[in-house]
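K.L.:
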Amino acid sequence: MRLLAAALLIPCAAIAAEGMWPLDNLPASRMKAEYSFTPGRDWVDHVMRASARIAGGCSASFVSRDGLVMTNHHCAAACVSQLSSAKKNFIADGFLARGRGEEVRCPEIEINRLERISDVTDKVKGAVAGLDGEAFKLAKNAVEAKLSSACVGADRETARCDVVDLYHGGLYHLYRYRRFQDVRLAWAPELAIAFFGGDPDNFNFPRYDLDIALLRVYENGRPARLKDFFPFSKAGAEAGEMVFVSGHPGSTQRQ
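Structure below.
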């Protein structure tokens, strides 16, 4: 079994095409019965911390102990564009830092690492009980803001907390993230190959392009040292091998 670095899919794991689940609610008994694999606590925590989110809506993966992050090219396109100039068009020509000293800070990108999931269903439902319409919305927003603020506490520079609505309001979970605000561009290919085939190919498989970019997260001016990351496999996946994909989709109706 291999865990492949991926930047595709709220923290969840999928076995091939067999299902999609939050990491804190994996169908462990089914996985054991059908695949002879039991996801232990250490495994789940590792996957959760190695899966990254680009604040604003993209998935990514930590792929080295020195803070390297892999994501899709379009997820880094805003950074690439902001770093470009009349003389250096990194969108058209691509960007490569030949050493860490050449990595350039992205003006606006923040990367988050999920570190804790708490069930706050009772607190949210208690706050909105008996309400509907605008009153329901205001009460829900207020309790979620209160829970998020208490979760962050005094760690506003390094922590972020979001209340997540699951199963159309059946459950509410509070996610606490580690914030990395110093994010630098390491490599991005030229747009012609990154978006080869355009939108039509974007929704087809196989897709022949290089939709990828590499970023790096820094702490105190140095590459962040990470315990949890997805190392690249030179061999790749084998036929019939169990494969998991983890990430942060904005929303899904997948069953």
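The numbers in the sequence shown follow our numbering, run straight up by one, and end at 242. Beta carbons are placed, not taken as given, at the ideal position from N, Cα and C, and that holds for glycine.
Can you find the residues in the same chain that come closer than 8 Å, C-beta to C-beta, to residue 90, ignoring five residues on each side of it along the sequence?
P.N.:
Position 103 of the sequence shown holds residue 90. So the qualifying residues of the chain are 84, 171, 172, 173, 203.
K.L.:
In whole angstroms, what is the alpha-carbon distance linking residue 142 and residue 191?
P.N.:
Position 155 of the sequence shown, counted from the start, is the residue given in the question as residue 142. Position 204 of the sequence shown, counted from the start, is the residue given in the question as residue 191. Cα to Cα, residue 142 sits roughly 42 Å from residue 191.
K.L.:
If you measure between the beta carbons of residue 41 and residue 62, is that distance less than 8 Å?
P.N.:
The residue labelled residue 41 in the question sits at position 54 within the sequence shown. The residue labelled residue 62 in the question sits at position 75 within the sequence shown. Yes, they are a contact pair.
K.L.:
Closer than 8 Å by C-beta to residue 118: which residues in its own chain qualify, once you throw out the five before and the five after it? Chain order, please.
P.N.:
Position 131 of the sequence shown, counted from the start, is the residue given in the question as residue 118. The residues are 126.
K.L.:
If you draw a straight line from the C-alpha of residue 161 to the C-alpha of residue 135, how long is it?
P.N.:
On the sequence shown, residue 161 is found 174 positions in, with the first residue counted as 1. On the sequence shown, residue 135 is found 148 positions in, with the first residue counted as 1. Residue 161 and residue 135: Cα-Cα distance of roughly 7 Å.
K.L.:
Which ranges does the alpha helix (DSSP H) cover as unbroken runs of at least 4 residues, wholly within the stretch 54 to 82, from first to last along the chain?
P.N.:
Counting only runs of 4 or more, we get 60 to 70, 77 to 80.
K.L.:
Can you check which of these residues, 224, 209, 216, is closest to residue 51 by C-alpha distance?
P.N.:
In the sequence shown, the residue the question calls residue 51 occupies position 64. Looking at the Cα atoms, 216 is the closest of the given residues.
K.L.:
When you compare the stretch 26 to 40 with the stretch 217 to 236, are there three or more beta-carbon pairs, one atom per stretch, that lie closer than 8 Å?
P.N.:
Contact holds: three or more Cβ-Cβ distances are below 8 Å.
K.L.:
Pop quiz: residue 315 and residue 196 are said to be a contact at Cβ under 8 Å. What is the actual Cβ separation, rounded to whole angstroms?
P.N.:
Nothing in the structure corresponds to residue 315, since the chain is present only between -12 and 242.
K.L.:
On a CA-only basis, which of 111, 153, 194 is nearest residue 133? Give me that one, please.
P.N.:
If you number the sequence shown from 1, residue 133 lands on position 146. The residue with the shortest Cα to Cα distance from residue 133 is 111.
K.L.:
Could you check where the alpha helix (DSSP H) with residue 314 kicks off and where it finishes?
P.N.:
A question about residue 314 goes unanswered here, because the residues of the chain that appear run from -12 up to 242.
K.L.:
At the level of alpha carbons, what is the spacing between residue 201 and residue 116?
P.N.:
Residue 201 sits at position 214 when you count from the first residue of the sequence shown. Residue 116 sits at position 129 when you count from the first residue of the sequence shown. Looking at the two C-alpha atoms, the distance is approximately 46 Å.
K.L.:
Residue 227: buried (16+ other C-beta within 10 angstroms of its C-beta) or exposed?
P.N.:
As a first step, residue 227 is located in the sequence shown; it is residue number 240 there, counting from the start. Exposed, because fewer than 16 other Cβ atoms sit within 10 Å of the Cβ of residue 227.
K.L.:
Where does residue 121 land, buried or exposed, given buried means 16+ other C-beta within 10 angstroms?
P.N.:
What you label residue 121 is simply residue 134 of the sequence shown in a count that begins at 1. Residue 121 comes out exposed.
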